[in-house]
Each structure stands twice: as structure tokens, then as C-alpha cells.
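What follows is a single structure, written as C-alpha cells, with notes after it.
Residue numbers (our numbering): 150 to 439.
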């Protein structure tokens, strides 16, 4: 067991938005598997996570199941804190963050005019940048093939320092796709880069009810500035992790089951920090290279 001082729990709780939520009646959820090679020199470093493309009336949202699970987790943590009378009355609370996956915690909102907003919460604030995806220079080829039951055609694109191949189908009348991508005359059902580092694959389409349709307010900055904010936040979080230490019983601490090895065994914060540093060296790939 490791202990997290209340000041850091308070910071975590502040990650949860307290604004009202708009709910749609019925929306479509398009689910993709995303396989990503995290270490450019190791083909065995590939991980797979699921992402949801939720299609609403006038916009859509692309988000990982990791992010969706994290939101539920933070909401349940808030309710547990409230049940004990607030932060000031907490003795301890058990938190288990396992099985959330390794997907990104960003959200991408796509609008009818072809523009997107990429945003993410860093500590207390949500930052985002906007991008005009109507400028994508798709090259639709003559190549056709079947993907599952869908009749597909191939298109090519250079974006983010990668050359992409995409299979899209007009069998589904949705002009959309994974990540930031859209603009083809149909739904993208499979997309991969020529280095085989990234692979999106359609796995399911279903209707959902009660989805959160709001677009959270964000501090909009330029893309270059967003990257700096992200780097600064990562530095701060590493500092928080390295500062975690046991506290005396009854001092208003939170028991957190965060530090575990691959076999589920508890490890110390120092061991976790060393392993995190080693993992960062291996995690040298990015979906966008420029």
C-alpha cells in the first residue's frame, strides 16, 4: 500500500468537471481497435486499445475507452469522498486504477464544417487547439477490396509525418473516421501507416442513448503551445509521483493501489519511478511525428 497526501487527492478531484451535461436521445458509437508500436525499434512493443467515435447531430467525438473509464473512476471517487463528509473528514479511501488500458486521455471533437478541436485536461485546466481538416489532400485510388462485409476503396494521405492508407466504404453513409480523419465519401473502416506502427480497425457500430454531447470549454492555444503545455504537465506529474511518501495513520491520507508490477504485486514509489523512467525510454514513438 502507498499513501497519497490529501493535497494531491484534492488536485485529482479537481479534474472532474462540475458543469452540466447535455444528453442526446440516440447516437451512433463506432468502435475502433487501435494497435500502436510504442518503441520504433521493437515490433513486440505493440499495444492495443479501443476508441469510440460517437456521432451526434452536428458534431462527433473521438475518445479512448481508457478516458471513458477514467471519467467513471473519478466520478466514483468523488462520490466516495462526499459519502465521508468531504476531503477534510477523510481517514482513508481505497483506490484501484487497474484495467483502465493504455489509450490516450485526449478528446477530439469534429464539426460539420470540417474543423476539429483536439483537447486534453492537464492538472486543473483543459487546453485545446483547433485544426482545419478540410485541407487534407486525400488521394483516392482505384484499389478496392472487402473489409468484413463492407465494400471498400483505398485512399492515401500524408499527415503528421506519416503516409497513411485508408479503406473507406460508402455502404455506411457517415463521412468520418478514426482520430482526426474524415473527408472521404464514406466511413473509414481501416487505416494504417506505411511503417506499420499505427493501425485503426473498425470492430463494431451500435446505437447508444444518454451520451454526453457537450463540448467542454477549453483554453484554445496554438498547436505548438499545446505541445509545450503537455510537456510541462508531464514534468509536474513526474514530480508529484516522486514526492509520494507514507503518512502517519489518521492524518487524513488516501490509500492508493497504484504502484503494481506486471504481475499485480505491490511495489514502492521508488521502484515505480525507476520503471516509469525505463518505460519512457522505450515509449519513443508518437502518432504524429511533426
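The C-beta atom is built at its ideal place from N, Cα and C for all residues, glycine as well.
These numbers come from a predicted model, not from an experiment.
Spatially closest choice to residue i from the options, by CA coordinates
i           : options            : result
residue 370 : 213, 253, 274      : 274
residue 264 : 209, 276, 214      : 209
residue 335 : 361, 362, 301      : 301
residue 311 : 288, 337, 233, 344 : 344
residue 285 : 313, 269, 298, 295 : 313
residue 295 : 318, 288, 304      : 318
residue 290 : 434, 305, 338      : 305
residue 192 : 433, 261, 438      : 433
residue 372 : 281, 421, 297, 348 : 281
residue 324 : 231, 366, 261, 196 : 261
residue 380 : 412, 326, 271, 292 : 271
Cβ separation of residue i and residue j, assumed to be a contact under 8 Å, to the nearest whole Å
i           : j           : result
residue 352 : residue 182 : 5 Å
residue 436 : residue 309 : 7 Å
Buried or exposed (CB count within 10 angstroms, at least 16 for buried), residue i
i           : result
residue 331 : buried
residue 307 : exposed
residue 384 : exposed
residue 423 : exposed
residue 346 : buried
residue 517 : Absent from the structure is residue 517, since the part of the chain shown begins at 150 and ends at 439.
residue 315 : buried
residue 430 : exposed
residue 338 : buried
residue 268 : buried
residue 420 : exposed
Endpoints, alpha helix (DSSP H) assigned at residue i
i           : result
residue 118 : The first residue shown for the chain is 150 and the last is 439, placing residue 118 beyond what the model contains.
residue 210 : Where residue 210 is concerned, there is no enclosing alpha helix (DSSP H), although the beta strand (DSSP E) it sits in stretches over 208-213.
residue 419 : 418-431
Boundaries (first-last residue) of the beta strand (DSSP E) holding residue i
i           : result
residue 201 : 195-204
residue 336 : 336-342
residue 277 : 274-281
residue 324 : Residue 324 -> no beta strand (DSSP E), and no H or E assigned at all.
residue 186 : 175-186
Cβ of residue i within 9 Å of any chain C Cβ
i           : result
residue 206 : Of the protein chains in the structure, only one exists, and it is not chain C.
Discussion item. Tell me whether the stretch 351-365 and the stretch 211-218 touch, counting them as touching only if at least three CB pairs, one residue from each stretch, are closer than 8 Å.
Written reply: no
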